[in-house]
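The block underneath contains the structure these notes are about, expressed in structure tokens.
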Amino acid sequence: MEYDLALPSSSDMADDLLHVDPTHGAAFADMNAWAFGVIAAVKAQALGFQTPLGVWPHGFDVSSLVFARGSVEESDPHKNIGFSPGTDAHPTPYLYTYAYPEQAALRDALPDGWTWETSWGTPGGLIPYDALGDATGDQLMMLYTATVGPLAATN
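Below you can see the structure in the form of structure tokens.
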């Protein structure tokens, strides 16, 4: 998959504080619709309490938490599956996943193309949007399966 979200320079935006190029806006909407579909498919197969799939305002990422037990506190064992349009550390869009507490099984189960990210509060895996293939939902489900056993056993 390819994208082109090159932002206009600040001088091109002049005094328009909320300049949204229609082409960039459409590309962003397409990526988020795709991400919602992929993550919703994984959530549909995941057992356990889950947060709603939503867009988080701090980074405009789409994600959901899946809890190992009947609790929905962020400090309780959970798995996060999400999509980010990019950050300062990773400026291009990417899918991500992590388990809290950190699970070695997740790192060990990363499919080809995924990298282990340690700069987050809880380390996890990411794959650039450009590197994704048709098996994305299957890859995320494999990652979920690899961590659900260890997560469920976590106190």
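First residue of the sequence shown: 9, per this note's numbering; consecutive thereafter. Beta carbons are placed, not taken as given, at the ideal position from N, Cα and C, and that holds for glycine.
Check	Outcome
Measure the CB-CB distance between Tyr104 and Gly133 and report whether it falls below 8 angstroms.	yes
Taking the continuous beta strand (DSSP E) assigned at Pro136, which residues delimit it?	Gly132 to Pro136
What is the DSSP secondary structure of Gly129, reduced to helix, strand or coil?	coil
Could you compute how far the alpha carbon of Leu73 sits from the alpha carbon of Gln58?	5 angstroms
Could you work out which residue in Trp42, Gly67 and Asp116 is closest to His98 when comparing CA atoms only?	Gly67
Tell me the DSSP bridge mates of Lys87?	Val74 and Ala107
Could you check where the beta strand (DSSP E) with Val63 kicks off and where it finishes?	Gly62 to Trp64
Looking at the strands, I want to know which residues DSSP matches up with Asp69.	Trp64
Excluding five sequence neighbours on each side, which residues of the same chain lie with their C-beta closer than 7 angstroms to the C-beta of Thr100?	Gly94, Pro136, Tyr137 and Asp138
Which two residues bound the contiguous alpha helix (DSSP H) that contains Trp42?	Pro30 to Gln53
Could you pull the DSSP bridge partners for Trp124 from this structure?	Gly133
Let's see if you can read the secondary structure: which residues bound the alpha helix (DSSP H) around Ala112?	Ala112 to Asp116
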